[in-house]
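A.B. asks:
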Amino acid sequence: MSELLYGSTRGTGERVTASRAILKGLADDGGLFVPDRIPALPMSMGEFSALSYQETALAVMGEFLTDFTEAELRACIDGAYDSKFDTEEIVPIKEADGAYYLELFHGPTIAFKDMALSILPYLMVTAAKKNQVGNEIVILTATSGDTGKAALAGFAGVPGTKIIVFYPKDGVSPIQKKQMVTQKGANTFVVGIRGNFDDAQSGVKAMFGDEGLKQELDAHGYQFSSANSINIGRLVPQVVYYVYAYGQLLKRGIIQDGEEINVTVPTGNFGNILAAYYAKMAGVPIGKLICASNENKVLFDFFRTGAYDRNREFILTSSPSMDILISSNLERLVYKIAGNDAGRDAALMRELSETGRYEITDAMREELSDFAGGFAGEEETEAEIRAVYERTGYVLDTHTAVASSVGRSYRETTGDDRKMVIASTASPYKFTRSVMEAIGGKYDGMEDFALADKLAELSGVPVPAAVEEIRGAEVLHKTVCEISEMRDVVRSFLGV
Ligand SMILES: *Cc1c(COP(=O)(O)O)cnc(C)c1O
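The numbering used here puts the first residue of the sequence shown at 3, with every later residue one more than the last.
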């Protein structure tokens with residue numbers, strides 16, 4: 003097998019191995035790492051249909067991460083996809099109301115980020131060993147809620163790593179906060195800041211760029227790394243479940259071998275849907291990739307007009323993990339439709355950072371025919387949760403409901419009736435209040451855990467362990483700091 007190397011979307015410069023790309027996160031020129039080519043899947047879909055999730059992961063990831071040995075990858079996969087998932091299938095597929103919901107939320111934090119963040123720590127530690135990095139890896143993350151907990155759960159107790167998470171003290175939901183501050187593991191550190199998410203994010207970015215701090219850390223045997231969604235170590239594990247989903251539909255006789263399916267993905271940073279696109283390019287028979295947005299419909303507008311424009315009001319919705327105006331991973335698609343032209347990609351990204359807007363050419367737009375865009379507003383999202391529940395008893399979370407609604411309109415307006423897989427990105431128990439109110443009812447006085455019990459009665463799905471665990475859990479992280487104190491907090495945790 004020839005080695006697959008990764009280059010930057012913004013430069014023609016050096017190419018690095020997969021393990022280097024995982025360690026670095028971002029290329030030196032600020033671009034994202036992309037593989038030189040998308041590898042073809044190593045076996046037929048029929049053969050994949052006989053594999054477990056872990057076996058599928060090994061076969062798919064081996065093609066992308068070619069400098070990892072099979073034994074190394076197997077160890078990473080076995081460490082990640084084990085009993086911390088509450089089902090042996092890892093990602094079950096549920097049929098409801100004419101669609102196939104790919105449940106990506108059976109991991110420790112009951113949202114799809116677990117799919118990648120449960121394996122990233124293992125990939126990173128392995129990559130560090132392969133590259134003779136002697137330092138301990140310190141993951142530094144700012145979170146608006148979901149990523150922080152998923153990263154904590156992934157890195158907790160992983161030897162050779164420490165993780166520090168900054169969250170806006172008053173900017174996350176009570177359950178999200180409780181999930182983070184009760185995190186166990188001596189290598190974890192959770193800090194509330196007096197500021198908003200942007201402040202936390204800027205503070206973290208400033209530390210990454212601080213050469214003095216970097217040297218100080220190095221002298222004490224530490225180096226920073228990032229777990230954010232542009233790391234190819236997060237992207238590649240997400241390709242796996244689209245291959246697995248197709249295999250499972252085939253195995254169950256729902257589709258014929260070679261039959262195309264459509265995939266609808268509730269989208270924020272464009273990571274999940276990009277993984278589906280890579281799966282298609284690798285050989286999974288996927289027809290359309292339907293990109294579902296909430297009211298922050300910057301991607302819908304992009305697919306409709308060819309103009310990406312973040313100059314608009316930021317809307318807080320009931321699907322907060324999709325409240326994003328800069329979809330970082332879109333850059334990888336832009337690079338591709340620009341004919342892998344790093345100069346053009348860099349120019350567009352410069353325009354985005356200077357003016358908040360860029361427009362692609364007609365020729366580039368023609369390259370987007372694999373995609374369709376759609377969006378669902380708050381009322382449509384609520385109506386979708388209610389309608390699916392009333393017709394089938396199946397309860398969708400708010401993010402999945404956005405996709406479900408968009409997928410439904412796509413089918414109705416185009417008449418394209420290929421079987422549809424909907425990426426189901428969170429358990430309804432993560433957004434219990436919105437979900438319960440959508441199903442019908444007023445729960446003003448009821449606290450969140452009581453509401454979860456109520457949802458269990460309605461749905462017949464037991465309250466997940468992830469929620470039960472934090473019900474009475476002890477608060478272990480009480481540090482709160484000013485934005486200006488973030489560096490000192492890091493120093494004191496690391497003892498440097
Ligand atoms: C992060 C997230 C998304 C968006 O995924 P992207 O890969 O950023 O597009 C959708 N739903 C949930 C529940 C998420 O946590």
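Don't be surprised by glycine CBs; every beta carbon is placed ideally from N, CA and C.
On a predicted model such as this, the values are computed, not experimentally measured, just so you know.
Regarding HIS108 and ligand 1, is the C-beta to nearest heavy atom distance less than 8 Å?
C.D. replies: Flag unset: Cβ of HIS108 not near ligand 1.
A.B. asks: Express the C-alpha separation of ASP372 and MET283 in angstroms, rounding to a whole number.
C.D. replies: Each residue's Cα considered, the two are about 10 Å apart.
A.B. asks: Using only alpha-carbon positions, find the residue among PRO161, SER355, GLY417 and GLY194 that is nearest to CYS483.
C.D. replies: Selected option, being the one with the closest Cα: GLY194.
A.B. asks: Just verifying my parser: in three-state terms, what is the DSSP assignment at ILE195?
C.D. replies: Looking at ILE195 - three-state DSSP - the assignment turns out to be strand.
A.B. asks: My understanding is that GLY409 touches MET422, with C-beta atoms under 8 Å, so please give their C-beta distance in whole angstroms.
C.D. replies: GLY409 to MET422, Cβ: 5 Å. Contact.
A.B. asks: Among ALA155, PRO94, LEU332 and THR68, which one has its Cα closest to the Cα of PRO123?
C.D. replies: Per the Cα distances, ALA155.
A.B. asks: With 16 as the cutoff for other CB atoms within 10 Å, does GLN240 come out buried or exposed?
C.D. replies: Per the 10 Å Cβ criterion, buried.
A.B. asks: Per DSSP, SER175 is paired with what?
C.D. replies: None, per the DSSP bridge assignment.
A.B. asks: Looking only at its chain, what residues have a beta carbon closer than 6 Å to the beta carbon of ALA348, apart from the 5 residues adjacent to it on each side?
C.D. replies: Closer than 6 Å at the Cβ level, and outside the excluded window around ALA348, lie ARG12.
A.B. asks: Within the chosen definition, does the stretch 195 to 208 reach the stretch 166 to 177 through at least 3 CB pairs nearer than 8 Å?
C.D. replies: Segments in contact, yes.
A.B. asks: Does the stretch 486 to 497 come within contact of the stretch 146 to 155, defined as at least 3 CB pairs closer than 8 Å?
C.D. replies: With a cut-off of 8 Å, the stretch 146 to 155 and the stretch 486 to 497 do not count as touching, because too few Cβ pairs lie within range.
A.B. asks: With three or more beta-carbon pairs closer than 8 Å as the criterion, would you say the stretch 264 to 275 touches the stretch 328 to 340?
C.D. replies: Flag = yes, the stretch 264 to 275 and the stretch 328 to 340 touch.
A.B. asks: Check the C-beta distance from PHE107 over to SER411 and give it rounded, since I have them as a contact under 8 Å.
C.D. replies: The Cβ separation is near 24 Å, so there is no contact.
A.B. asks: Is it right to say PHE302 is buried, meaning 16 or more other beta carbons lie within 10 angstroms of its own, or is it exposed?
C.D. replies: Burial call: buried.
A.B. asks: To the nearest angstrom, how far is it from the Cα of VAL245 to the Cα of ILE95?
C.D. replies: Their Cα atoms are separated by approximately 13 Å.
A.B. asks: Report the rounded CA-to-CA distance for ALA374 versus GLN178, giving the unit in angstroms.
C.D. replies: For ALA374 and GLN178, the distance between alpha carbons rounds to 32 Å.
A.B. asks: Are there 16 or more other CB atoms within 10 angstroms of the CB of ARG435, so buried, or fewer, so exposed?
C.D. replies: ARG435 should be labelled buried.
A.B. asks: With a CB to CB cut of under 7 Å and the five nearest residues on each side skipped, what residues in its chain are close to THR394?
C.D. replies: Excluding residues within five positions, the ones whose Cβ falls inside 7 Å are ALA98 and ASP99.
A.B. asks: By alpha-carbon positions, which one of TYR396, ALA59 and GLU297 ends up nearest to GLY462?
C.D. replies: Answer by Cα proximity: TYR396.
A.B. asks: Give the straight-line distance between the Cα atoms of PHE35 and ASP446, rounded to the nearest whole angstrom.
C.D. replies: Using only the alpha carbons, I get a separation of about 47 Å.
A.B. asks: Skipping 5 residues on each side, what residues in its chain have a beta carbon closer than 6 Å to that of LYS164?
C.D. replies: VAL140 and ASN189, listed in sequence order.
A.B. asks: May I have the straight-line CA-CA distance separating MET448 from LEU53, to the nearest angstrom?
C.D. replies: Their backbone Cα atoms lie some 44 Å apart in a straight line.
A.B. asks: Leaving out five residues before and five after LEU43 in sequence, what residues of the same chain have Cβ atoms less than 8 Å from its Cβ?
C.D. replies: Answer for LEU43: PHE50, ALA61, VAL62, GLU65, VAL245, ALA284, GLY285 and VAL286, listed in chain order.
A.B. asks: Considering just the uninterrupted stretch of the beta strand (DSSP E) at ALA340, what are its terminal residues?
C.D. replies: Looking at the DSSP string, ALA340 is not in any beta strand (DSSP E), and its letter there is neither H nor E.
A.B. asks: If you measure from the CB of VAL267, is any heavy atom of ligand 1 nearer than 8 Å?
C.D. replies: The answer is yes for VAL267.
A.B. asks: Using 9 Å as the threshold, is the C-beta distance between GLU439 and GLU384 below it?
C.D. replies: In contact: GLU439 and GLU384 (Cβ atoms closer than 9 Å).
A.B. asks: Considering only the beta carbon of each residue, do VAL477 and THR184 sit closer than 9 Å?
C.D. replies: Contact flag set, yes.
A.B. asks: Give me whichever residues DSSP pairs with THR357 in a beta bridge.
C.D. replies: According to DSSP, THR357 bridges with nothing at all.
A.B. asks: In three-state DSSP terms, what is TYR445?
C.D. replies: Looking at TYR445 - three-state DSSP - the assignment turns out to be coil, as it is neither helix nor strand.
A.B. asks: Determine whether the beta carbon atoms of SER175 and GLY147 lie at a separation below 9 Å.
C.D. replies: Closer than 9 Å, so yes.
A.B. asks: Spatial neighbours of ALA144 within its chain, please: CB distance less than 6 Å, with the 5 preceding and 5 following residues excluded, ordered by chain position.
C.D. replies: Once the five neighbours on either side are set aside, the close Cβ partners of ALA144 are PHE168, ALA202, GLN203 and VAL206.
A.B. asks: From HIS222, SER228, SER4 and ARG334, pick the residue whose C-alpha is nearest to that of ALA277; which is it?
C.D. replies: Ranking HIS222, SER228, SER4 and ARG334 by Cα distance to ALA277 puts ARG334 first.
A.B. asks: Taking all protein chains shown into account, decide if ARG254 is buried (16 or more other Cβ within 10 angstroms of its Cβ) or exposed.
C.D. replies: It counts as exposed.
A.B. asks: Could you check what DSSP says for VAL167 in three-state terms: helix, strand or coil?
C.D. replies: Strand, per DSSP.
A.B. asks: Mapping the DSSP letters down to three states, classify THR266 as helix, strand or coil.
C.D. replies: Three-state DSSP puts THR266 in a strand.
A.B. asks: Does the beta-carbon distance from SER227 to GLY9 come in below 9 Å?
C.D. replies: Cβ distance not < 9 Å, so SER227 and GLY9 don't count as in contact.
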